[in-house]
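In the working numbering, the protein residues as written are 799 to 1115.
Built from N, CA and C at the ideal position, the CB exists for glycine as well.
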Ligand code: UD1
């Protein structure tokens, strides 16, 4: 069993990843500064003897390295980040600090204290408006937002340090992650969390642009499993892989799934397309299958049903 340090442990993906690692018997050192992470997300983890929580800002020079020196984890899963494309456009300096500078501190902590593996929360946003579909990892990278640019820079920093100083780096290029605990409360929140909240409150959803843009939506429980594999699977070598399903859903289709739940639901409100918004994002999942043994199990319809109704309860015979 391994000891894994998870940055952003109180966040959406971090808390699901911590829960899964603990369920598999690993020890988890959770790190969060609670800028956007929430303690409630860790209510299960905090009851586990294998879990410790440290309130710490990864973007503060030396802070993480000190903890890594004390804890000596086998791997770091670096999920602490500014997660919104729109927020990166509003505050590019904060984006640089949280998504580039902090990643450099992770690389430095791994180098100084002999961490074997670093798993990094990269993003489909590094590809920008890629011409090929589905997007393979070799596609040209032309980010169209400070967020995408920062994730690409951080990949290069971590992979370069890993190659030079001898630790394995896995860059997880997440496509659009959704599921329980995704915070819907900010204009920067993920679209499914916002639509689910509109659904609960009986309000119409807003669609930016014509709604024909598509995304490869992946359930957070699948993403947590991809992180577990990247951090613990024996024989994994450095590299980057899409974490996606290989299936595209348009915003109009998504709004339709929610509308179908209520007779006479209000029609979506259309607003102009957002700056920095990618039109089509669909990943090729083959590399993650080959390199990590990861294949997504949950489709959008199933994931949405779980988000709206809670996890399916197995029938005991
Ligand atoms: C998302 C993630 C980002 C991840 C990237 C990978 C969030 C907040 N962002 O970015 O971390 O790296 O995927 O692909 O989870 N939209 C609406 N109405 C709304 C909100 C959004 O129409 O109320 C549209 C947006 O204009 C966009 C699409 O929905 O076309 C998805 O937007 P969003 O959920 O913010 O995610 P991405 O920008 O794709």
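Look at residue 988: its beta carbon is less than 7 Å from one of the heavy atoms in the ligand UD1. For the stretch 976 to 1047, the continuous beta strand (DSSP E) assignments of 3+ residues that do not extend past its boundaries occur at 1004 to 1006, 1015 to 1017, 1037 to 1041, in sequence order.
Closer than 7 Å to some heavy atom of the ligand UD1: that does not describe the Cβ of residue 895.
The distance from the Cβ of residue 1082 to that of residue 932 is about 4 Å, consistent with a contact at the 8 Å cut-off. Of the heavy atoms belonging to the ligand UD1, at least one sits nearer than 7 Å to the Cβ of residue 1004. Note on geometry: alpha-carbon atoms of residue 930 and residue 1078 lie some 10 Å from one another. Burial is judged here by how many other beta carbons sit within 10 angstroms of a residue's own beta carbon; residue 893 has at least 16 and is buried. The DSSP-derived three-state label of residue 816 is helix. Contact annotation: the stretch 1058 to 1069 does not touch the stretch 830 to 844, with fewer than three C-beta pairs closer than 8 Å.
DSSP, reduced to helix, strand and coil, places residue 898 within a helical segment of the structure shown. The DSSP-derived three-state label of residue 1056 is helix. By the neighbour-count criterion, in which 16 or more other beta carbons inside 10 Å mark a residue as buried, residue 832 falls on the exposed side. In the DSSP assignment, residue 887 falls within the alpha helix (DSSP H) that extends over 883 to 888. About 12 Å separates the beta carbon of residue 1029 from that of residue 1092, a gap too long to meet the 8 Å contact definition.
Apart from sequence neighbours up to five positions away, the residues of its chain that approach residue 1094 with a beta-carbon distance below 6 Å are 1016, 1020, 1043, ordered along the chain. Take residue 986, set aside five residues on each side of it, and the residues of its chain with a beta-carbon closer than 7 Å to its own are 882, 884, 885, in chain order. Secondary-structure assignment with DSSP links residue 974 through a beta bridge to 1015.
For residue 812, the CB contacts under 6 Å within the same chain, skipping 5 residues up- and downstream, are 804, 806, 877 in chain order. In the DSSP assignment, residue 801 falls outside any alpha helix (DSSP H) and lies within the beta strand (DSSP E) extending over 801 to 805.
For residue 1050, the CB contacts under 6 Å within the same chain, skipping 5 residues up- and downstream, are 1009 in chain order. By the neighbour-count criterion, in which 16 or more other beta carbons inside 10 Å mark a residue as buried, residue 1109 falls on the exposed side. Restricted to the stretch 908 to 968, the alpha helix (DSSP H) segments that are unbroken, complete and at least 4 residues in length are 944 to 963, listed in chain order. Inclusion of residue 819 and residue 863 in the CB contact set at 8 Å is not warranted, their separation being larger than that value. The residue among 1001, 816, 825 with its C-alpha nearest the C-alpha of residue 847 is 825. With fewer than 16 other Cβ atoms inside 10 Å of its own Cβ, residue 870 counts as exposed. Secondary structure of residue 873 (DSSP, three-state): strand. For residue 1101, the enclosing alpha helix (DSSP H) stretches over residues 1098 to 1107.
Taking non-hydrogen atoms of the ligand UD1 into account, the C-beta of residue 1011 is found less than 7 Å away from one of them. Taken atom to atom, the span from the alpha-carbon of residue 891 to that of residue 988 is near 21 Å. Assignment of residue 1078 by DSSP, reduced to helix, strand and coil, places it in the strand class.
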